Amino acid sequence: MERYHLTRSLNSEGFELTIAEVADHDPSLIPVLSELDLLSYAEPTFSRYTLGGLMRFGRIYVIRADELVIGVCHTFRSFSDPDEMVIFNMALRPGWRGHGLGSRLLEGVLERMKAGGAKRVSLAVASNNRRAIAVYQSRFGFRHQDILQNEFNNGQPYHLLRLEMADWAPTRDTAHTSSQPE
Ligand SMILES: CC(C)(COP(=O)(O)OP(=O)(O)OC[C@H]1O[C@@H](n2cnc3c(N)ncnc32)[C@H](O)[C@@H]1OP(=O)(O)O)[C@@H](O)C(=O)NCCC(=O)NCCS
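Just so we're aligned: the sequence shown equals residues 3 to 184 in the working numbering.
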C-alpha cells in the first residue's frame, strides 16, 4: 500500500492507493464496475452478465483510492496464443484522469502479468483516443501492429497494439503496493 499525492491535489491528506486483482467473484463490485463503464463510454461495454463472466473467467484489476474504486482493467488470456494476455478495457472515473493513475494501474497490471508468466500483452484502442495511445505507446512501449477497421464501434478504426514482456520492466519500486483486496 502506498500513500499517493496527486500533483493537483484532490485531497490534501493524500490517499491510500491500492491496486488489486479481484481474486474471488465479488457481486458487490458489479454495479460499481458497471457505473464506471457507463461514466467512461458513449455506449455500455458491459452488462451485469458479461461483467460477472469476466470476473469469474477472465481477470479484473481495480485501483482504489482509500475505499473508492477509481479505476478498472479487464483482461483475459488469448486463445490463439496462451502466452499472450489481452487488455480488453481500462478506465478511470472521470475526475481521476490525467494524474498518472491510469499509468500506475497499468504498471501494476503488467507487473502481475509478467510475474504470472505472460510473454506479451495486446489491446485494441480507438485510433482517436490520443491519451490512451500516449499511455500505451509512449509510456509503456506498446508497438503498433495493425489498424482494425469495422470491428468495433460504428466502424471506427482501432489501433492493435502489443507489448513484448521481454522489452518491459517496471519503472518504480512497487514493493509497497498490496496485491490483496483490502
Ligand atoms: C485512458 C486512461 C485509462 C488513462 O489514464 P490517465 O490516468 O488519464 O492517464 P495518465 O495520467 O497516466 O497519462 C496520460 C498521458 O497521456 C498524455 N496525454 C493526455 N492527453 C493527451 C492527448 N490529447 N494527446 C496525447 N497525449 C495526451 C499525458 O501527457 C500523459 O502522458 P505523460 O504522463 O507522459 O505526460 C483514462 O484517461 C481513461 O479512463 N479514459 C477513458 C476511458 C478510456 O479511453 N480507456 C481506454 C480504452 S482502451
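We put the beta carbon where it would ideally sit given N, CA and C, even for glycine.
Note that the coordinates shown come from a computational prediction; the quantities given were computed from them, not determined experimentally.
By the criterion of at least three beta-carbon pairs nearer than 8 Å, the segment 108-117 is not in contact with the segment 143-155. Scanning the segment 14-47 for uninterrupted alpha helix (DSSP H) segments of 4 residues or longer gives 31-42, listed from N- to C-terminal end.
Contact between the segment 65-83 and the segment 134-141 is absent: fewer than 3 CB-CB pairs across the two stretches fall below 8 Å.
The Cβ atoms of Arg95 and Ser124 lie no closer than 8 Å to each other. Exclusion of His76 from the 7 Å shell around ligand 1 follows from its C-beta lying no nearer than that to any non-hydrogen atom of the ligand. Per DSSP, Gly54 is one residue of the alpha helix (DSSP H) stretching across 50-59. Within the segment 88-157, the runs of beta strand (DSSP E) that reach at least 3 residues and sit entirely inside it are, in chain order, 122-128, 145-150. For Gln147, same chain residues with a beta-carbon under 6 Å away, outside a window of 5 residues either side, are Leu162, Arg164 in chain order. Check the Cα spacing between Ile89 and each of Val74, Val24, Gln158: the tightest is with Val74.
Approximately 5 Å separates the beta-carbon atoms of His76 and Leu56; this is inside 8 Å, confirming the contact.
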